[in-house]
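Chemist: Letter by letter, the sequence shown follows residues 388 to 585 of my numbering. Using N, Cα and C, we set each Cβ at its ideal position, and we do this for glycine too. Quick caveat, the model's predicted, so the values are computed rather than measured. Okay, handing you the structure first.
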Amino acid sequence: MKGEITLKILESVKDTMINTADLFDAILSSGYGASYGRMQYELSKRQRERQNKEFIQEQRKQLKQRYYKMMYVLKQDGLIEKKQKDKKRFWILTKKGKNELTLFRKRNEKRLPEIPYPKEKADKVIVVIFDVPEVEKRKRNWLRAALDNLGLKMVQKSVWMGKVKIPQEFLDDLLKMKLVDFVEIFEITKTGSLKHIA
């Protein structure tokens, strides 16, 4: 009996370094008279669980380090400062930080939305027609790239067609960018007529 357990332990330890707690837990979980295979399974299970925990802990540690590094850089740049009130510490924006925040917000308003929208095939043909003014050239180029990404094909520079569903996110972005007045979306019905959908 004692020799069997010793044999199982030695076989497990033979090729790899094993955490003692994992090995002990695997032996106890395997039960009396368990085969070598069963014990290996239990040991592998414990090791995977430990590795997952270690991975999560490492990720948290890295995130925490990045946070502190970022806060340090912001403090060094004079954008934030640490204050204390009633034994509690907290960060506040400096005057320079408030100005920088205003600039970031203005830049963000001009930023165009991300293009990858969910693609989904449809049974009916969709036609998108647009006439975006020259002063909105960036938005017009974005619109063409978005339509291409959705799987629509260009018939003319401002006319696109395809058998795809138009995602709500795309329509929301058109609204946010104030392009809805310049874009018409139609569906070709079975009778061949155009049905306005957006």
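Please classify G424 as buried or exposed, where buried requires at least 16 other C-beta atoms within 10 Å of its C-beta.
Modeler: exposed
Chemist: Measure the C-alpha to C-alpha separation of T481 and R498 and round it to an integer number of angstroms.
Modeler: 25 Å
Chemist: Which residues in the same chain have their Cβ closer than 7 Å to the Cβ of E556, if we skip the five residues on either side of it in sequence?
Modeler: Y504
Chemist: Let me check one thing: in DSSP terms, what residues is L480 bridge-paired to?
Modeler: In the DSSP output, where bridge partners are listed per residue, L480 has I467.
Chemist: Measure how close the beta-carbons of V546 and I516 come, nearest whole angstrom, since I'm counting them as under 8 Å.
Modeler: 5 Å
Chemist: Look at the Cβ atom of K511, then the Cβ atom of I575, and state whether they are nearer than 8 Å.
Modeler: yes
Chemist: To the nearest angstrom, report how far apart L450 and I443 are at their CA atoms.
Modeler: Here the alpha carbon of L450 sits roughly 10 Å from the alpha carbon of I443.
Chemist: Residues in the same chain with beta-carbon distance under 7 Å from V519, minus the five sequence neighbours each way, listed in chain order, please.
Modeler: K526, R527, L530, L566 and F569
Chemist: Assuming contact is defined by CB atoms lying nearer than 8 Å, are M564 and V514 in contact in what I supplied?
Modeler: no
Chemist: Tell me which residues share the same chain as K540 and place their Cβ nearer than 8 Å to its Cβ, disregarding the 5 neighbours each side in the sequence.
Modeler: So the qualifying residues of the chain are W547, M548 and G549.
Chemist: Under 8 Å between the Cβ atoms of L537 and K506?
Modeler: yes
Chemist: What are the start and end residues of each continuous beta strand (DSSP E) run of 3 or more residues lying completely inside the segment 510-569, in chain order?
Modeler: 540-543 and 546-551
Chemist: Can the beta-carbon of A509 be found closer than 8 Å to that of K552?
Modeler: Against a cut-off of 8 Å, the Cβ pair of K552 and A509 comes out as a contact.
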